[in-house]
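So the sequence shown is numbered by the working numbering: it starts at -8 and just counts up by one.
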Amino acid sequence: MATDDDAARQSTEKLQTNLARIEELSQRMLAALANRRQVSPDLQGPGMDLYMKAAGAWWTQLVNDPAGILERQVGYWSKTLEHYVDAQNALMKGKAMEDGDGESPKDRRFSNEMWTDHPYFSFIRQQYLLNAEAVRSSLDGLEDLDETERRRVEFFVGQIIDMFAPTNFLATNPEALSKAVETDGQSLVDGLENLVRDIEASKDGLLVTLADKDAFTVGGNIATTEGAVVYRNRMFELIQYAPVTDTAYRIPLVVFPPWINKYYIMDLRPDNSLIRWIVDQGFTLFVVSWKNPDGSYADVGVDTYMDEGYLTAIDEIKRITGEQQVNAVGYCIGGTALAMTLSYLYLKKDDSVRSATFFTTLTDFSDQGEFTPFLTDDFVAAIEAECERNGMLESFFMARTFSYLRANDLVYGPAVRSYMLGEPPPAFDLLYWNGDGTNLPGRMAVEYLRWLCQENRFSDGGLELLGETLSVSDVRVPICAIACETDHIAAWKSSFTGVSRMGSESKRFVLSESGHIAGIINPPGKKKYGHFTNDEMALEPEAWRKGAKRHDGSWWPRWGEWLSAHSGERIPARQTGDSDHPKLSAAPGTYVFSEIQ
């Protein structure tokens, strides 16, 4: 029978083994860091001009309102001192101090009960929140900044506040400390292994692995809807999905996904696959799977996506089906380019598109929303230089930008779980897809940032492409637009503004609950998120929302009814391809496969 001495000896031996393993992993980490490619400093943070403007605004405030600054400082000192005294009194009583509002914190970072029950960690948590409030309030008086500069300062200050949260450090994270003690340091070893793995996997910078890459196989347990690639060029593969109904609507449907991600977000699992649902409703469905470009695609611009992508796909679908028209869907930037293509077709008096649907699409960029910090000349010029060097913008930069827009959820939270708690990444299909990024062709990336995001040419003044001056007002086909209420990438109000500027006589706007992905991938069977409708499209966004009616459940069936009304009669279902378009490969095709960054 083991004695207490035996248990102590075994625990000590395990600890020594783990310490040796930590030393070994540390050497690997240093080697990986030494071999990492140096990323331009201009892509790592804002230019010095922002710091100078913020400092200048603070000095102006100090000169014009010294009493106001002193009042805020004294108020902060007073709260901090009072907090310290309260903590001392609570500690003497052997209990944690109560929150000021008497409620437990709602911040998910502090969900562990020790943040409220333990005197030390309770004090740290509340002091951090007090500090964060003081820093944010100090920005309120900075009047000598324009709106763009203010948004940028607020964003980067918020990044600093999030970075210094006590949850992000071992010495002030009770859950990580407890687990390290309970496992004799094994959790820290596992965490270091996870950290070294992520550093070695990226040549540009650290990105936390969000999902178990071994849990999913594209075409195996995700992206499994039956279909075939029936056309391929250097820009895309065209997938036609096999029918599952005896009859189908006559007018075919084509979906243009964003090329900043892979299309299979719409075909993850059978129970949440939008692609499978569309086929089940009896639509002849084609989906574009974009090529993941490398440096040889440096010459590809927005016009190339329109010409060799949208126009070519529509022509090939017409040839395969024998129809003169298609219905089209554009998702995110795929919708932006679809709108430009529709403007071009209108100017060419080409009615190949019968109706268009836009998922979380921006066509008016007058309000840049949460992307404002990254759309000023310092960042865009650095991206332009990167594209000139490599011929492309690598997926790493896009992934990092999107992650830091939700840093606590996509950076610090996963880092804590992986590196301090030593947990393996979860088997989560959505996060797996999120990590399967794509590059952007150099010319296209710069054109999109300059012409659309910065200059808003498509909505204001016109955008010259393919020999025509394109305008959002020349989108004239019947449209249905789906936006998402908490979308941080394509804000719904900006999406609504773009739709309101389209020239279509028939418009429908649906506002889904939730965000950029969950609001769209919201199958009826889940009954999770509702949606809002309002036929009064002449209103301002807030007025439209105030007068909108809420409906329980997914918007998919509502859209399906609208789409069926624009899809003609039902005919015998078509099989994939034809004699001129043989099956090149089974869905999900070949372009969808590339190294997951």
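Beta carbons are placed, not taken as given, at the ideal position from N, Cα and C, and that holds for glycine.
Residue environment, residue i, which counts as buried when at least 16 other CB atoms sit within 10 Å
i: Lys97; result: exposed
i: Asp294; result: buried
i: Asp478; result: buried
i: Tyr75; result: exposed
i: Arg541; result: exposed
i: Asp341; result: exposed
i: Ser334; result: buried
i: Lys253; result: buried
i: Met43; result: exposed
i: Gln64; result: exposed
i: Trp68; result: exposed
i: Tyr111; result: exposed
i: Thr238; result: exposed
i: Met435; result: buried
i: Asp108; result: exposed
i: Phe370; result: buried
i: Asn430; result: buried
i: Ser95; result: With a pLDDT of only 46 at Ser95, under the threshold of 50, the placement of this residue in the model should not be trusted, and no figure is reported.
i: Phe388; result: buried
i: Val172; result: exposed
i: Ala534; result: exposed
i: Pro57; result: exposed
i: Ala390; result: buried
i: Ile151; result: exposed
Spatial neighbours of residue i in its chain, beta-carbon cut-off 7 Å, leaving aside the 5 residues before and after
i: Gly544; result: Pro515, Lys518 and Gly521
i: Ser585; result: Asn283
i: Asp569; result: Ile311
i: Asp420; result: Phe207, Ile213, Leu259 and Arg260
i: Ala125; result: Tyr67
i: Glu527; result: Trp535 and Gly538
Supposed contact pair residue j and residue i - C-beta distance, whole angstroms, cut 8 Å
i: Lys282; j: Phe227; result: 6 Å
i: Ala418; j: Ala556; result: That belief does not hold up - the Cβ atoms of Ala418 and Ala556 are roughly 40 Å apart, past 8 Å.
i: Tyr322; j: Pro249; result: 6 Å
i: Thr327; j: Leu353; result: 6 Å
i: Leu440; j: Leu366; result: 7 Å
Reference residue i, options the options, closest by Cα
i: Glu314; options: Val371, Phe160, Tyr296 and Arg241; result: Arg241
i: Met331; options: Ser462, Ile508 and Thr367; result: Ser462
i: Arg27; options: Asp135, Ile115 and Glu191; result: Glu191
i: Leu198; options: Ser503, Ser497, Tyr410 and Arg116; result: Tyr410
i: Ser589; options: Glu173, Val466, Gln445 and Pro37; result: Residue 589 falls outside the range modelled here, since the chain spans only -8 to 588, and no answer is possible.
i: Trp424; options: Leu168, Gly321, Glu104 and Ile508; result: Ile508
i: Glu385; options: Ser193, Pro110, Gln7 and Asp203; result: Ser193
i: Leu554; options: Val187, Asn430 and Ser346; result: Ser346
i: Asn164; options: Glu140, Tyr232 and Trp106; result: Trp106
i: Ser280; options: Ala219, Asp262 and Val270; result: Ala219
i: Asn318; options: Gly210, Cys471 and Val126; result: Cys471
i: Cys475; options: Gly325, Phe350, Ile266 and Tyr337; result: Phe350
i: Ser17; options: Arg143, Gly182 and Ala125; result: Gly182
i: Arg408; options: Phe160, Pro37 and Met20; result: Phe160
i: Pro659; options: Asp427, Arg142, Phe101 and Arg223; result: Since the displayed the chain opens at -8 and closes at 588, residue 659 lies outside it and no answer follows.
i: Arg499; options: Trp546, Met257 and Met83; result: Trp546
Beta-carbon proximity of residue i to residue j, cut-off 8 Å
i: Phe114; j: Ala78; result: yes
i: Asn399; j: Asp153; result: yes
i: Thr200; j: Pro416; result: yes
i: Leu502; j: Ala529; result: no
i: Asn263; j: Ile512; result: yes
i: Leu412; j: Glu184; result: no
i: Ala578; j: Glu15; result: no
i: Leu244; j: Glu307; result: no
i: Ala482; j: Asp358; result: yes
i: Phe277; j: Gln231; result: yes
i: Ser495; j: Pro532; result: no
i: Leu422; j: Ala123; result: no
i: Ser485; j: Gly292; result: no
i: Gly273; j: Arg561; result: yes
Same chain only: Cβ atoms within 6 Å of residue i, ignoring 5 sequence neighbours per side
i: Asp131; result: none
i: Phe146; result: Pro364
i: Phe614; result: No information on residue 614 is available, as it lies outside the stretch -8 to 588 that the chain covers here.
i: Asp571; result: none
i: Ser394; result: Leu401 and Val402
i: Val270; result: Tyr232, Val235 and Leu276
Sequence-distant residues of its chain with Cβ nearer than 8 Å to residue i (five each side left out)
i: Gly382; result: Asp285, Gly286, Ser287, Tyr288, Ala289, Pro432 and Gly433
i: Leu454; result: Met331, Trp442, Leu443, Arg448, Thr460, Leu461 and Ser462
i: Asn9; result: Asp175, Gly176, Gln177, Leu179 and Val180
i: Glu379; result: Gly433
i: Tyr296; result: Met226, Trp250, Ala328 and Met435
Contact with chain B by residue i, beta-carbon distance below 8 Å
i: Val144; result: Annotation note: the requested chain B is absent from the structure, which comprises a single protein chain.
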